[in-house]
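Chemist:
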Amino acid sequence: MTAAPAGPLTIAVIGAGGKMGMRVSDNLVRTDHLVRYCETSEAGRQRVQQAGREVTDAVTAVPDADVVILAVPDIALGPVSADLVPQLKAGAVVLTLDPAAAYAGLLTKRSDLEYVVAHPCHPSVFLERTTPEEYADTFGGIAAPQDVVAAIESGDEAKRALAESVVRVMYAPVLDVHWVTVKQLAYLEPTLVETVACMVGDLLNEALKETVHTVGVPEAAARAMLLGHTQVALANTLKGDNPFSDACLIAMDYGRETIIKDDWKKIFNDEQLDTVIARMLHLNDKG
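If you read the sequence shown in our numbering, its first letter stands for residue 10, the second for the next number, and so on.
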């Protein structure tokens, strides 16, 4: 890969007072880059100022920025990009944190800009943690190392290196940055990790509540059994650490027959990807 730029960059964080805006700003403020923090909501502006950072209006922050990070909700990316993209200098990088709006074609485009999406993987369930800070950092971006998956639409190697240099500090500490296409990133998020993994996590929580409230098992006992066996289930299925017992395999088959629809893999079809992203972005709500 082409080497990353040697000197500091000028970076504008749009939505700097939001959840992700605050997270990435907490890391960017530690760098030599000139970072400008933009926020429109009063509560967000207060959060930025309480963190010891100065709020800058986007009209001032954007025109000379090398990288503009759009840390705003997916449903706001269309109107926000429509407002800001015309103000950017040629060659600037527009960096979004989720692929939905980019995949759906909602971002305002200019041929002389670079568009990058970079989404954190969060620390792996199998990450070897060694400090209390790493154990406490389940989300990532503070102490526990994580990977990042990113996509650049043009494929320009120099811009990719520049973007990766920013991605590595805003999501630090970062192990690897995996480069894919925008469509592939959309299949990772939402399909793989939200439609499947997050849904399964929520299902586990529902099953825990049923075990406690309907069956009457003491919560401490049920939680201990679930958390330990969740680790074993993931280790056995995703790493192949140990084989399941024959009885467990029978129970797993019963669970699949009872809970999972036979055609569930249709979520990996383009039509289904379009459907879930349209729902996420409320595209069908617009008259």
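Where a beta carbon is used, it is the ideal one built from N, C-alpha and C, also for glycine.
Might you give, ordered along the chain, the residues of its own chain that have their beta carbon closer than 7 Å to the beta carbon of tyrosine 112, omitting 5 neighbours on each side?
Modeler: Stepping through the sequence shown from its first residue, residue 112 is reached at position 103. The residues are Val191, Lys192, Ala195 and Ile286.
Chemist: Bridge partners for tryptophan 188 per DSSP, in chain order?
Modeler: As a first step, residue 188 must be located in the sequence shown, where it is residue number 179. Note: tryptophan 188 sits in a beta bridge opposite Ala159.
Chemist: Could you have a look at histidine 238 and say whether DSSP puts it in helix, strand or coil?
Modeler: In the sequence shown, residue 238 corresponds to position 229, counting from 1. Of the three classes helix, strand and coil, the one that applies to histidine 238 here is helix, per DSSP.
Chemist: Three-state secondary structure (DSSP) at isoleucine 151?
Modeler: Along the sequence shown, read from residue 1 onward, the residue named residue 151 stands at position 142. It is coil, neither helix nor strand.
Chemist: With DSSP collapsed to three states, give me the class of histidine 222.
Modeler: Translated into the one-based positions of the sequence shown, residue 222 becomes position 213. DSSP places histidine 222 in helix when its eight states are reduced to three.
Chemist: Output the boundary residues of the alpha helix (DSSP H) element that contains proline 82.
Modeler: The residue given as residue 82 occupies position 73 in the sequence shown. Per DSSP, proline 82 belongs to no alpha helix (DSSP H) and is neither H nor E.
Chemist: Look at the Cβ atom of proline 129, then the Cβ atom of glutamine 155, and state whether they are nearer than 8 Å.
Modeler: By one-based count along the sequence shown, residue 129 stands at place 120. By one-based count along the sequence shown, residue 155 stands at place 146. Cβ distance < 8 Å, so proline 129 and glutamine 155 count as in contact.
Chemist: Exposed or buried, what is cysteine 47 when buried is set at 16 or more other beta-carbons lying within 10 Å of its beta-carbon?
Modeler: Within the sequence shown, numbered from 1, the residue matching residue 47 stands at position 38. By the 10 Å Cβ count, cysteine 47 comes out buried.
Chemist: In chain order, what residues of the same chain have a beta carbon less than 8 Å from the beta carbon of aspartate 146, not counting five sequence neighbours either side?
Modeler: Start at 1 with the first residue of the sequence shown, and residue 146 comes out as number 137. Cβ within range, chain order: Pro132, Ala152 and Ala153.
Chemist: If you count every other CB in all the chains shown that lies within 10 Å of the CB of lysine 168, and 16 or more means buried, which is it?
Modeler: Start at 1 with the first residue of the sequence shown, and residue 168 comes out as number 159. Counting Cβ neighbours within 10 Å, lysine 168 comes out buried, since at least 16 surround it.
Chemist: When burial is assigned at 16 or more other CB atoms within 10 Å of the CB, is glutamate 173 buried or exposed?
Modeler: Here residue 173 refers to the residue found at position 164 of the sequence shown. Buried, because 16 or more other Cβ atoms sit within 10 Å of the Cβ of glutamate 173.
Chemist: What is the DSSP secondary structure of tyrosine 46, reduced to helix, strand or coil?
Modeler: For this step, residue 46 is matched to residue 37 along the sequence shown. Of the three classes helix, strand and coil, the one that applies to tyrosine 46 here is strand, per DSSP.
Chemist: Using 8 Å as the cut-off, can you tell me whether the region 99-109 makes contact with the region 76-87, which would need three or more C-beta pairs spanning the two stretches below that distance?
Modeler: Yes: at least three Cβ pairs fall under 8 Å.
Chemist: Specify, as a first and last residue, the run of the alpha helix (DSSP H) that valine 102 falls within.
Modeler: Within the sequence shown, numbered from 1, the residue matching residue 102 stands at position 93. Where valine 102 is concerned, there is no enclosing alpha helix (DSSP H), although the beta strand (DSSP E) it sits in stretches over 102-105.
Chemist: With a threshold of 16 other CB atoms inside 10 Å of the CB of histidine 291, please say whether the residue is buried or exposed.
Modeler: Indexing the sequence shown from 1 puts residue 291 at position 282. Flag for histidine 291 reads exposed.
Chemist: Are arginine 119 and valine 94 touching if we call contact CB-CB under 8 Å?
Modeler: The residue labelled residue 119 in the question sits at position 110 within the sequence shown. The residue labelled residue 94 in the question sits at position 85 within the sequence shown. Result yes, Cβ atoms of arginine 119 and valine 94 sit closer than 8 Å.
Chemist: Start and end of the beta strand (DSSP E) containing proline 129?
Modeler: Your numbering for residue 129 matches position 120 in the sequence shown. Run containing proline 129: 123-129, per the beta strand (DSSP E) assignment.
Chemist: Could you say if the region 16-24 and the region 57-76 meet the contact criterion of at least three C-beta pairs nearer than 8 Å?
Modeler: The region 16-24 vs the region 57-76: in contact.
Chemist: Go ahead and label valine 224 buried or exposed: buried means 16 or more other beta carbons lie within 10 angstroms of its beta carbon, across all protein chains shown.
Modeler: Residue 224 sits at position 215 when you count from the first residue of the sequence shown. Exposed: under 16 other Cβ atoms inside 10 Å.
Chemist: Starting from cysteine 68, follow the alpha helix (DSSP H) in both directions and report where the run begins and ends.
Modeler: Start at 1 with the first residue of the sequence shown, and residue 68 comes out as number 59. Note on identity: in this sequence residue 68 is valine, with cysteine being the wrong assignment. Taken as a continuous stretch (DSSP letters only), the alpha helix (DSSP H) holding valine 68 covers 67-70.
Chemist: Helix, strand or coil, according to DSSP, for threonine 19 in the structure here?
Modeler: Reading the sequence shown from its first residue, position 10 is the one you call residue 19. DSSP places threonine 19 in strand when its eight states are reduced to three.
Chemist: Kindly confirm or deny that the region 173-183 and the region 22-41 touch, where touching means at least three C-beta pairs closer than 8 Å.
Modeler: With the cut-off at 8 Å, the region 173-183 and the region 22-41 touch.
Chemist: DSSP has isoleucine 78 in a bridge; who is on the other side?
Modeler: Along the sequence shown, one-based indexing puts residue 78 at 69. Answer is Val22 and Leu104.
Chemist: Please classify alanine 67: is it buried, with 16 or more other beta-carbons within 10 angstroms of its beta-carbon, or exposed?
Modeler: Within the sequence shown, residue 67 is the residue found at index 58, counting from 1. With 16 or more other Cβ atoms within 10 Å, it is buried.
Chemist: Looking at the strands, I want to know which residues DSSP matches up with valine 183.
Modeler: For the purposes of this step, residue 183 is taken as the residue at position 174 of the sequence shown. Valine 183 pairs with Gln155.
Chemist: Would a C-beta distance cut-off of 8 Å place aspartate 3 and glutamate 198 closer than the cut-off?
Modeler: Residue 3 lies beyond the range of the chain shown here (10 to 296); nothing can be said about it.
Chemist: Valine 205 by DSSP, collapsed to three states: which one?
Modeler: As a position in the sequence shown, residue 205 is number 196, starting the count at 1. The answer is helix: DSSP assigns valine 205 an H, G or I state.
Chemist: Rounded to whole angstroms, what is the Cα-Cα separation between alanine 60 and lysine 28?
Modeler: By 1-based counting over the sequence shown, the position of residue 60 is 51. By 1-based counting over the sequence shown, the position of residue 28 is 19. Roughly 13 Å separates the two Cα atoms.
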